[in-house]
Amino acid sequence: MRSVAAGAFTAGAVAVAALSLSLTAGQAVAAEVTLRLHQMLPAQASVPKNILEPWMARIEEESGGRIEFQHFPAMQLGGKPPELVDQAIDGIADIVWTLPGYTPGRFPRTEVFELPFVMTNAEAVSRAFWQLAEETMLDQDFKDMKVLGLWVHGPGLIHSKDPIDSLDDLNGVKLRAPTRVTNDMFSSLGATPVGMPVPAVPEALSKGVIDATVVPWEVTGALKINELVSNHTDFGDDALYTATFVLGMNRAAYDGLPDDLKAIIDKNSGLELSGFAGGQMQRDDAKPRDEAIEKGATMIVLPPEEVARWKEASAPTIEKWVAEMDEKGMDGTGLYKRAIELIEENTGK
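Our numbering applies: residue 1 is where the sequence shown begins, and numbers increase by one.
Take a look at the structure:
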C-alpha cells in the first residue's frame, strides 16, 4: 500500500496552516471566493484540527489567497448533524463534513464499509471507499453534490459503564450506534441500540439514556467520554465496525469556480485526500487511548475465540444487508465482494 507520507497529503500540511495565517494577514491578492465549511464537531477535535483545517489552509495557500474558507464547527450555521447533507445540496453551506449514515437509506452503497468486521485499517478502507465510489456511487448515491473525499475512522470499539467481557454481557445494554447498519448489528447481538449523532453522546451517557457507546478512540477526548465511562472493549487485531464520512461540496458552488481554482480543489480531493484522512483518524486514536490508560481505565481486549463468537453472531447482519441491496437492484453481492477485493488490494495483500 502506498505510504501517505509519500503522497500529496502529509503531516507537513499542518505547517501550511501557519503559512496560510501569515499569508492572509498581509495578502496582496484579495480573495475571489469565500467557501463556508460546516461540520458537527468542536474545532479542537482531531478531524477539524488535523484534517479539515490543514486541508483548507493548503487550498488557500495554493490559490494564492484567491480562495478563502470560513470554518463553522459545532453546527454554528444552525441545524442538526443529520441536516448537513441537505445544507450542502441547498447551498446553506458550501462544503460539509458528515456521516452518510446520519440519513439512513439515502446513501445505501456506502453501508458496505460499515458491515461487521469488514474494517482492516482506516487508510486502506478509505482508499477502497473512494475507488468503489468512483465505480458505483458518485453518479448514484452522491449525484446531488460534488464529493471531495470519502473515508472511514479507525477500529470502532465499545465504551461502557459496566465491563463488556463477552458477547453475553451485551444483552440488554442501551448502546448508541451511529448508523442503520451498526444499529441492526447491535440489535442482532442482543443490545438495545439507540441512534444519535455523536455530539449527543456525552449528555446521553451522563443522563443514563445510554449505558454504552461505540466510537473510535480519536473522538473520545473531545467529547470527554473517558470521564463518563471507564470500560473499553476492543477486538484485538480485528475491528468490529467503522463508520463512513463524506466531505461534500455544493455543486453550484464548485461549478461556479474558475477552471484554475477548480483544478486546485480537484488536486486536493479524491483518492489521496481520502486515504490521508482515514489514516489520520486512526493515527489520532493513540493519544486518547493512552490518556485513558493513564487515568486507570479498564482496557478489555477480547481473545480470538471470543471475537470468533461475535463474528458468527454478526454474520446475519451482512447477509441481511446483501439481500436488501439485491432486492433493490443494487447488487449487494457484487458490492460486498468488490469492497473486500479493494480493501485487500489497498492493504497490500
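Idealized CB from N, CA, C, for every residue including glycine.
Option in the options with minimal Cα separation from residue i
i	options	result
Glu32	Glu345, Gly256, Gly334	Gly256
Ala57	Pro42, Ala74, Leu37	Leu37
Ile51	Phe245, Ala252, His232, Ile300	Phe245
Val435	Glu62, Phe69, Pro193, Arg338	The question about residue 435 has no answer here: the residues shown for the chain are numbered 1 through 349.
Met119	Tyr102, Ala191, Gly278, Met325	Gly278
Asp162	Gly172, Gly154, Pro155, Leu261	Gly172
Asp284	Leu240, Pro82, Pro48	Pro48
Gln87	Ala292, Gly248, Ala133	Gly248
Pro216	Gly195, Leu170, Leu157	Leu157
Lys423	Lys295, Ile293, Val214	Since the displayed the chain opens at 1 and closes at 349, residue 423 lies outside it and no answer follows.
Ser314	Pro116, Ala191, Asp90, Glu61	Pro116
Tyr241	Glu272, Lys295, Val152, Thr298	Val152
Thr298	Asp290, Lys337, Val147	Asp290
Glu272	Ile264, Glu123, Asp169	Glu123
Thr98	Asp90, Glu135, Gly149, Glu134	Gly149
Glu218	Lys267, Gly154, His71	Gly154
Leu335	Lys267, Ala133, Ile92	Ala133
Beta carbon of residue i nearer than 8 Å to that of residue j
i	j	result
Thr347	Asn121	yes
Leu84	Met40	yes
Ser188	Pro316	yes
Pro193	Lys224	no
Ser274	Ser126	yes
Ala128	Ala339	yes
Ala177	Asn226	no
Tyr102	Pro258	no
Gly190	Leu170	yes
Beta-carbon proximity list for residue i, same chain, < 6 Å, skipping 5 on both sides
i	result
Gln131	Leu342
Phe107	Pro100, Asp141
Ala43	Pro73
Leu302	Phe235
Arg309	Leu167
Lys311	Phe117
Met185	Pro116, Ser314, Thr317
Met137	Arg109
Lys337	none
Pro304	none
Asp94	Leu35, Arg36, Asn250, Ala253
Gly91	Asn250
Gln280	Asn50, Ile51
His71	Leu37
Close Cβ partners of residue i (< 7 Å) along its chain, the five nearest in sequence each way excluded
i	result
Val307	Phe235, Gly236, Asp238
Leu261	Val33, Ser63, Arg66, Ile67
Gly79	Gln87
Asp326	Gly332, Thr333
Sequence-distant residues of its chain with Cβ nearer than 8 Å to residue i (five each side left out)
i	result
Met330	Pro108, Arg109
Ile300	Pro163, Ile164, Asp165, Asn231, His232, Thr233, Asp234
Tyr254	Lys146, Lys262, Ile265
Ala222	Leu41, Pro42, Gln44, Ala45, Ser46
Gly296	Ser230
Lys328	Pro108
Inter-residue CB distance, residue i and residue j (contact presumed, cutoff 8 Å)
i	j	result
Pro81	Pro199	7 Å
Ser166	Val229	Incorrect: roughly 18 Å between the Cβ atoms, too far for contact.
The ligand FMN heavy atom lying under 7 Å from the CB of residue i
i	result
Val125	Absent from the structure shown: the ligand FMN. Ligands present: none.
Exercise. Does the count of Cβ pairs from the stretch 99 to 119 and the stretch 317 to 327 closer than 8 Å reach three?
Worked result: yes
Exercise. Touching or not, the stretch 281 to 299 and the stretch 174 to 190, by the rule of three or more beta carbon pairs under 8 Å?
Worked result: no
Exercise. On the three-pair Cβ rule with 8 Å, is the stretch 141 to 150 touching the stretch 206 to 213?
Worked result: no
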